[in-house]
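Trainee: Pasting a structure below so you can have a look.
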Amino acid sequence: MMMSSTEQAFGREAMLDIFGPMVNLPDSDADQEYVVIRSIVPPGVVVPLHSHGDRETIVVTGGRLEAWLRGSWAAYETGEIIEIPSNEKHALRNGSASEAHLVLVTTPRMGQFFRDISAPVGADVSAERLGRFFALAEAYGYWNGDADEQAAVGIAMPDV
110 MMMSSTEQAF
120 GREAMLDIFG
130 PMVNLPDSDA
140 DQEYVVIRSI
150 VPPGVVVPLH
160 SHGDRETIVV
170 TGGRLEAWLR
180 GSWAAYETGE
190 IIEIPSNEKH
200 ALRNGSASEA
210 HLVLVTTPRM
220 GQFFRDISAP
230 VGADVSAERL
240 GRFFALAEAY
250 GYWNGDADEQ
260 AAVGIAMPDV
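Each residue of the sequence shown is one higher than the last, beginning at 110 in my numbering.
Now the structure itself:
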């Protein structure tokens, strides 16, 4: 059965990897005030502690996701909303055995950052790719916690 272009645009075939989470990015959002991104977070994926000036609103559309905000972890189930203010230190993780499905509403700038750091789904996390990520994050003015800051919120960073 052939998929329509709309089905393909919103299917896994069109998704990109951003170091674990998979995202479906719109073609262009330069003229928009916000961007809507569909995301799938596989089981076991962690988004380490970080912050940025871009506000994020995440709607959990399936599964379960945990977020570290305002000093503690909280679980969010299907239908719940995670509000992440600008410059708020936060981390995300899927500690369940099932995928977490999300809709993320954020700034076009964040959408462009995701485009800049993305790779095809299944791409290896190499030292070179991580180096590019950290260089781009710094260029965008984004903060990433160091190993001690990650450990303080219960995140063990892998060796690459």
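Each residue gets a CB set at the ideal place from its N, CA and C atoms; glycine is no exception.
Could you check what DSSP says for residue 280 in three-state terms: helix, strand or coil?
Mentor: Look at the range of the chain in this structure, 110 to 269, and you will see that residue 280 is not part of it.
Trainee: Return helix, strand or coil for residue 219, following the three-state DSSP convention.
Mentor: The answer is helix: DSSP assigns residue 219 an H, G or I state.
Trainee: With DSSP as the reference, please indicate the residues paired to residue 145 in a beta bridge.
Mentor: Paired residue(s): 214.
Trainee: Taking just the CA atoms, how far does residue 189 sit from residue 181?
Mentor: So the two alpha carbons sit approximately 17 angstroms from each other.
Trainee: To which residues does DSSP link residue 173 through a beta bridge?
Mentor: Answer is 186, bridged to residue 173.
Trainee: Measure the CB-CB distance between residue 172 and residue 207 and report whether it falls below 7 angstroms.
Mentor: Result yes, Cβ atoms of residue 172 and residue 207 sit closer than 7 angstroms.
Trainee: Where DSSP assigns a beta bridge to residue 230, which residues make up the other side?
Mentor: Partner(s): none; residue 230 has no beta bridge.
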